[in-house]
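Below is one structure, written out as structure tokens, with a few remarks after it.
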Amino acid sequence: MRDSASAHAEEASEAAKSLAGETTEDGDYPGTCDTLTRHQSMPSLHSGGHNAEGSRNYLRPPKEGFKQVMFAIPSDNQLDALPEGYNDAAEITLERPPTIDNYRMTIQNLRNSRQPIRPSMIELMHGAREAARAQKESPKPSYDFCSDAAEITLERPPTIDNYRMTIQNLRNSRQPIRPSMIELMHGAREAARAQKEYEIQRSNQARPADDVYDRFKPRSIPEEKKIDFFQGVFIPVFTNIVGSLLYLRNGWVAGQAGIIAGLAVVLLSTLVCVVTAVSICGISSNGIIRKGGLYYLVSRSLGPEFGGSIGAIFALANAMMASLYVVSVAETVSDLMSENDYGFVTNNKINDIRLFGILICLVLMLITFAGPDIEQSFTLFMFSLYFLSFFNWCLGSIIPPNDDQRLRGMTGYSFATISQNLLPAWRGEDFISVFAVFFPGMTGLMAGSMFINSLRDPARDVPLGMFTSIAVCSLFNLIGVFISGATMLRDVSGLSFPVYDNVTNEWESFTCAENFTCKYGLMNFFQVAELEAAWGPLIIAGIFAMSLSSTMTNLDNGPQIFQAICKDQLFPFVRYFSKEYDLSIPQRAYIFFSLITMGIILIGDLNIINGLVSNLFLAAYASVNYACFDASFAKSPGFRPSFRFYNMWLSLASSALCIIVMFIISWISALIIFAFFFILFIYMNHRHVEANWGSSVQANSYRIALTSLLKLANIEEHVKNYRPQILLMCGNPAARSTLLDFAANITKDNSLLIAAHVVPYAPCERLFVIVRRLDIQITAWLLANKIKAFYLPFANENVRSGAQHLLQIAGLGKLRPNILMIGFKSCWNRRSRDSLYATIDYVGIIKDAFENNFGVGILRNGNEGFDLSETLLELNVCDITALKQNNQNDSANGTLLHGGDNASYLDTENMTDETSFNGSIDSRRSRREEMNFNDVNSADMVKTTTLYRRTTKFFADSIVFNSEKNRSEEDPKSSLSRKRGLRTTLLTEKQKKLTIQMNRFHHKIKNGVIDVWWLYDDGGLTLLIPHLLRLPKAYLEGAKLRVFTQASSQMCTEADERNMAAMLSKFRIEYADVRIIPDIKRAPSPATIRDFEEIIEPMRATESDHRPGLITDFDLSSQKCRTFRQLRTKELLQQHSSQADLIVVTLPVPRLEINSCLYMGWLDLMTRDLPPVLMIRGNQTSVLTFYS
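Right, dumping it as structure tokens:
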């Protein structure tokens, strides 16, 4: 390789020849287009002289003190050593083709390197000397404060009434509410006038959003009677926890585990209940709880996915638990009939159990239908009967045993009995298995959450009722274990009385105890409570009472939870069961769940699903604990529970404990429940239920995003983690969906994409209303089309000024755009005043982007533009989403069915012109639109597709931001008939063409070809973008990549090709071909020059018209070399890439001295009559590296 000095000497020699106007024998232009100064001027590209007098009035004067200097590329560390008289305004030798040396080092190493590196964007734009002198100064902003003294009587102090209702209820409320912001800013009289106009419009024309809020309209129902903690929490929890197991299993627990371990089993179960009750109290005291119990708590805390899954599981668990209780009662009735010689009704015990179970279920359902008062009276009677039965047991244990009791092992309270039963005596069991048998009797805690909406003071009543009921239930179980262990032996034959040994002070063991064949005792006889009670039949009555009461509670809980799920419509085809009748009883849901319960009862033997039912309740426990933890962990300001004794880590530990207990009881049933839960969760997630309940999932999403952004802000960028984050200046995205599709193909949901829209109006309050409405509509449209992008509107009268603001404020932290992408301005060469200024602003935006260290991409869609708004208005398209998502089969058939989800996007009955553009905003219409905006929130806007598909042509700024015909004059019936009509319309050729044009970058192209013209080293962005476009999910997925670049010299073509291939291999970028262009410096053909002159002719300055910005002879002469380079590039693109599916070429840098119209002429000619061309330029920072 040649050294740097000799290379620059040869360049200087070639530059000197170019100044003398020399050419080589083969017609090549020997200069490097780097050395033309402003002292030279050419009136045309064919002539070397000019008429100085004729052009004196509009030629730019030569720069004062200009000194011709041949510039060798300095590094950043050499800029300060440049001489004072140095000026490089005419030098473009700073640009170099891509070399592998610039990609060997990371950003940090490049920053500290002493070697020459690629020039910075500031050097390319301003020259090296100007870049060295640049200083960063930011003036301090000053703020002027003002005060207003008018209209302050509208403001009111905060009142509780304004916080009782939701947004929908406030909208429909007749009560006075807080004043709106419009009232505060413009006065009550102006707001009243707008409100009156809005009501007139609403009465004359049906709003499409009304059907969304129909289900939120309040109904005139009688005020619900409030209850205290005893009726609403204590009794439901007590009757569900304490049941027949207290009488039938506590003796067995004392026999297996002993008194000490048996008490430990009870205390461990109590611990699980207490920590879960803490979570329930915490989450239920965070605001008003509506009807739905556990489902309402979980769904409003964790979202509809968790809430719907857990709610369905818990509702099913209540039905299964009710069936278990009913079967236990039916089995007891059948056994009593057999013991009293009544025989079987159906000559079969299982059939008797089924018959009795169905009858009991029907009776309990009828009691429930009788109303809450009858049900509560029945429950209170059963509750009292159980207390009497328990005291009957305690009293009977004190009375000395009779002979029958002594034969069955009852000894009364005895130290010998206590000592023998104090420690465990495991027989095929252990602590875990005994706990698994006992704990299902403690799974009724969630019954206390079913009536929270009816409590007088939930914040006080829920903790008081739950903890007192848990304490009483635990006390009953502790007493039951102690009585059994202190008054009953483990093994008794029943043939003789127990004998007390005075020597050993112990009871003598029976021979049957050695081979475990004894008939009575704690290990063998389960009716210990009935045996020891003062009156045995009262124990049987207590068992019946608690079983029936628990059954009624479960039969009540399941339908209410199911009704709440049906009201929220989380599952399809279930709204039928949400209807309520008199006394607020969901009778349809009750009948449905009673049928499910009866179906489970018909199984007869429910031992198989006993562990499954317990685990279903434990899964509900775990979900509530996790909901409390997640709500606390999200640190949302809205989570302010009145119950202060909860702890999020205690809730998390309790959730884990519940899951562990699930596996202890039955790991198979635990796995089944988890599988069922995940199936429901995936279904709910896939169904995309539109429900905005302010869940902790949203709060966590915000917190995680904020934490990640703050963490990312402190991480130094690395070239390996570079992502193209695009700021797309596309105007209204719905009108330029093709440009948006192309940008989305680059980001692929993995990078930031901001669709920026500069609204060309002066900011005012009426415009803000429309912009907010448009923001909601465009966001909904992006979601409907599955485009992961952010819409960013910005109001500014000047497009360039708006773009300058967006370049500075778009993004947050490190999540900021680094590439500006715009569409090519095809109408740049119109000579009108506005067109000239628009062209200057267009090029100015490109320069501003480079100044802000952005990369720039300009996409030209062949000879077609991107703005389809006029075509859509001409065809009167009302549903661009259906047109956008129209598949290829529909396009081929040429028909679209009107109706259903894709209803009538072509309104053929009213092909009227609605494109009047007068530059004004009607104030009355703005206020009416503001009322519509306040009525509809973003979630409902997304759900109500008609609101952004058919009612407003939001893709056309001429419709959105300008006055239109008063819609109230339109006949509502005819409007509705058009919306509801079902018909098939034949697509015309224009409509087919529009469909194809809108989906150009949406449908995949098979066997595509991307030609990459990497002419200058811009950091690798010219190569990275086409590589991303050929990855999966892009429209050019799997396309062939052909790379073109210029030769460093005509003698090193083969070496340059090998070096480029080696560099691509190190970048791990697949390519099909590498081509080195040796003759890019050749002068363009005369035909190409004539084409260029025809393009720029409308923008040439004349003696009569020499407005600033028009192309002068001085502009052409001073930029002749650069012009020739772009014209020659055009010829090469036409020669090599005319058949490619996409051309990616390095964008020329718009130096400050280059005329804007001349620059647009370069781009126009270079990309004319070609496939889609992406002209892109990085910001001279490496975006590729071959290091791992």
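The UniProt record's numbering numbers the first residue of the sequence shown as 1 and each following residue consecutively. Where is the CB? At the ideal position from N, CA and C, for every residue including glycine.
In the DSSP annotation of this structure, L792 is not part of any alpha helix (DSSP H); the continuous beta strand (DSSP E) holding it starts and ends at 790 to 795.
Between T1045 and I1069, the C-beta gap is not smaller than 8 Å, which leaves the two residues out of contact. Contact between the segment 280 to 297 and the segment 670 to 677 is absent, with fewer than three C-beta pairs closer than 8 Å. With fewer than 16 other Cβ atoms from the protein chains shown falling within 10 Å of its own Cβ, N750 counts as exposed. Spatial neighbours of A447 in its own chain (CB-CB distance under 7 Å, excluding positions within 5 residues in sequence) are listed in chain order as P236, V237, N240, T553, N557.
About 6 Å separates the beta carbons of V326 and T551, which is inside the 8 Å limit, making them a contact pair. Collapsing the DSSP output to three states places L812 in a strand. Three or more beta-carbon pairs drawn from the segment 1181 to 1188 and the segment 1018 to 1029 are found closer than 8 Å, and the two stretches are therefore classed as touching. Counting only runs that start and end inside the segment 982 to 1046, the beta strand (DSSP E) elements of at least 3 residues fall at 984 to 986, 1009 to 1013, 1040 to 1046. In the assembly as shown, V329 is a buried residue. Its beta-carbon has 16 or more other beta-carbons within 10 Å. For the options T504, W252, I585, T1102, the alpha carbon positioned closest to that of G428 is the one of W252. The three-state secondary structure of L271, taken from DSSP, is helix.
Pairing S377 with K226 gives a Cβ-Cβ distance that is not under 8 Å. Within the DSSP bridge table, the entry for E1103 names no partner. Under the DSSP assignment, M598 falls in the alpha helix (DSSP H) whose first and last residues are 587 to 601. Under the three-state reduction of DSSP, L1174 is assigned to strand.
Taking C-beta atoms as the reference points, D1141 and P1098 fail to come closer than 8 Å. Counting along the chain, the unbroken beta strand (DSSP E) around M729 starts and ends at 726 to 729. In the DSSP assignment, L248 falls within the unbroken alpha helix (DSSP H) covering 245 to 248. When beta bridges are read from the DSSP output, R860 appears opposite V1173. Each residue's CA atom was taken as its position, placing L495 and V266 some 33 Å apart.
Counting only runs of 4+ residues, the alpha helix (DSSP H) found wholly inside the segment 659 to 741 occupies 667 to 687, 696 to 713, in chain order.
When C-alpha distances from F476 are compared across T417, A627, Y413, L263, the shortest belongs to L263.
Collapsing the DSSP output to three states places T1146 in a strand. Here N318 is buried. Its C-beta has 16 or more other C-beta atoms within 10 Å. Each residue's CA atom was taken as its position, placing F438 and V272 some 13 Å apart.
Comparing alpha carbon positions, the residue from H1106, V278, R575 closest to P641 is V278. In chain order, N1155, L1158 place their CB closer than 7 Å to the CB of D1115, counting only its own chain and leaving out the 5 sequence neighbours on each side. Looking only at Y500, R490, W649, the smallest Cα-Cα distance to N524 is reached by R490. DSSP places L820 in the uninterrupted beta strand (DSSP E) bounded by 819 to 823. Per DSSP, A471 is one residue of the alpha helix (DSSP H) stretching across 458 to 487.
The closest CA to that of I398, considering only F467, A534, F497, V462, is found on A534.
For A564 against K291, the beta-carbon gap comes to about 6 Å, under 8 Å, which counts as contact. Comparing C-alpha distances from G243 to each of P424, P440, G308, C394 shows the shortest one belongs to P440.
By the neighbour-count definition (other C-beta atoms within 10 Å, threshold 16), R800 is a buried residue. With a beta-carbon spacing of about 7 Å, G311 and L294 fall inside the 8 Å limit used to define contacts.
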